[in-house]
Amino acid sequence: MNDLHHDIYHLDDEQPAPQAGSLLVAKPTVPDDVFARSVIIIISNHDEEGAMGLIANRITNFTVA
Numbered sequence: 305m306n307d308l309h310h311d312i313y314h315l316d317d318e319q320p321a322p323q324a325g326s327l328l329v330a331k332p333t334v335p336d337d338v339f340a341r342s343v344i345i346i347i348s349n350h351d352e353e354g355a356m357g358l359i360a361n362r363i364t365n366f367t368v369a
């Protein structure tokens, strides 16, 4: 428990591409106001242009039905 050298946020270099239905959880150290501490639901698969998702833990002015 006292091992300060343990990196709890370490990720392997090769991560699978996110798939539709996946949840992405941002590290608390992400230096971006939009994505810091965000939970993102992937709604379209990753391709050469990227992936599309919705931030699930933020209030929005849009009605989602």
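So in this note's numbering, the last one in the sequence shown is 369, and the numbering has no gaps at all.
Even glycine gets a Cβ: it sits at the ideal position worked out from N, Cα and C.
For clarity, every value in this text was computed on a predicted model and none was experimentally measured.
Residues near residue i in its chain [Cβ-Cβ closer than 6 Å; skip 5 each side]
{"i": "Ile359", "result": "Ser342 and Ile344"}
Rounded separation between residue i and residue j - CA only
{"i": "Gly325", "j": "Asn361", "result": "15 Å"}
{"i": "Thr333", "j": "Ala369", "result": "32 Å"}
CB contact flag (residue i, residue j, <9 Å)
{"i": "Ile363", "j": "Met356", "result": "no"}
{"i": "Leu328", "j": "Pro320", "result": "no"}
Bridge-paired residues (DSSP) for residue i
{"i": "Gly354", "result": "Asp351"}
{"i": "Ile346", "result": "Gly357"}
{"i": "Val427", "result": "Because the chain is modelled from 305 through 369, residue 427 falls outside the range shown and cannot be assessed."}
7 Å Cβ shell around residue i - same chain, five flanking residues per side excluded
{"i": "Ala330", "result": "Phe339, Ala340, Arg341 and Ser342"}
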